[in-house]
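*Asks:*
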Amino acid sequence: MIVVGLTGGIGSGKTTILKMFQNLDIECYIADIEAKKLMNSSKKIKKKLIEEFGKNAYTTLGLNRKYIAKIVFENPERLKTLNSIVHPRVHKHFEKFVKKVKSSYVIYENAILFESKGAKKCDFIITVTAPISVRIKRILARDTTTKVDILNRMKNQFSDEEKASKSDYIINNIDLEKAQKEVQEIHLNILQKIQEIH
Ligand code: ATP
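Each residue of the sequence shown is one higher than the one before, counting from 417 in my numbering.
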């Protein structure tokens with residue numbers, strides 16, 4: 417199965433672009449959502465997270481995301497530890513998911529595709545970019561957060577330039593209609609490349 421990685425910094429529009437691929441009937445795996453699910457369902461992850469972050473890592477309702485996020489986004493070392501606990505299990509879960517995929521390729525969406533070494537499993541990579549000021553405006557309009565928190569998250573992600581240099585396709589997501597056209601072109605290009613491979 418051909419795996420196409422989809423990445424981009426916070427607020428670049430990954431989810432927006434992903435939906436465009438879903439509308440083309442391409443199956444998609446959203447690493448962040450699956451990671452959150454696994455943090456609630458996997459006993460092994462839960463045990464390790466409590467060892468690392470203490471009992472407050474979970475409440476009676478499940479994972480205490482706010483508590484963990486506050487710790488890790490202020491401390492890159494602890495973010496690395498969190499990723500080292502969660503990511504190997506997400507990778508394994510993705511391998512299982514791929515076996516059931518029916519579309520001609522699968523999209524693996526991960527904001528930290530390169531940082532988490534997830535890029536290794538991708539045949540092609542798409543990076544979604546947008547100017548930092550635009551991304552900040554989008555996140556402030558979408559979430560209850562602060563500019564400081566957004567900048568802290570950005571600090572832990574590679575820059576757009578770095579990601580773009582390691583990618584096969586770049587979508588500069590400013591104008592939605594233009595982005596939609598680019599998605600269509602990339603989709604056709606990937607299908608053509610798959611034909612060439614087989
Ligand atoms: P995160 O990393 O935080 O999950 P993301 O990269 O997945 O973010 P989206 O959630 O797709 O980004 O987009 C962030 C916000 O910006 C959303 O509210 C979305 O509707 C809006 N948005 C995305 N692309 C555009 C665009 N081209 N024009 C205007 N608004 C956009």
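We put the beta carbon where it would ideally sit given N, CA and C, even for glycine. Given the structure is predicted, the values throughout are model-derived calculations rather than measurements.
1. Would you check if the distance between the CB atom of K582 and the CB atom of F530 is smaller than 9 Å?
2. Taking 8 Å as the cut-off, is the CB of K430 close to at least one heavy atom of ligand 1?
3. With a cut-off of 8 Å on the beta carbons, I'd call F513 and R569 a contact; round off their distance for me.
4. Hey, how far is the Cα of A580 from the Cα of G478?
5. Measuring only the C-alpha atoms, how far is D565 from V544?
6. Using three-state DSSP, classify V517 as helix, strand or coil.
7. Counting beta carbon pairs with one atom in the segment 547-562 and one in the segment 430-448, are three or more of them shorter than 8 Å?
8. Name the DSSP beta bridge partners of G421, please?
*Replies:* If we stick to the structure as given:
1. Translated into positions along the sequence shown, residue 582 becomes position 166. Translated into positions along the sequence shown, residue 530 becomes position 114. Cβ distance < 9 Å, so K582 and F530 count as in contact.
2. Numbered from its first residue, the sequence shown carries residue 430 at position 14. Checking every heavy atom of ligand 1 against the Cβ of K430, one is found closer than 8 Å.
3. Walking along the sequence shown from the start, residue 513 turns up at place 97. Walking along the sequence shown from the start, residue 569 turns up at place 153. Separation of the CB atoms of F513 and R569 is rounded to 26 Å, and the pair is thereby denied contact status at 8 Å.
4. Numbered from 1 along the sequence shown, position 164 holds the residue referred to as residue 580. Numbered from 1 along the sequence shown, position 62 holds the residue referred to as residue 478. If you take the alpha carbons of A580 and G478, they lie about 36 Å apart.
5. Here residue 565 corresponds to residue number 149 of the sequence shown, with the count starting at 1. Here residue 544 corresponds to residue number 128 of the sequence shown, with the count starting at 1. A straight line joining the alpha-carbon of D565 with that of V544 spans about 21 Å.
6. Reading the sequence shown from its first residue, position 101 is the one you call residue 517. Three-state result, V517: coil.
7. No, because fewer than three Cβ pairs between the segment 430-448 and the segment 547-562 fall closer than 8 Å, the two stretches do not touch.
8. Position 5 of the sequence shown holds residue 421. Beta-bridge pairing links G421 to Y524, I541.
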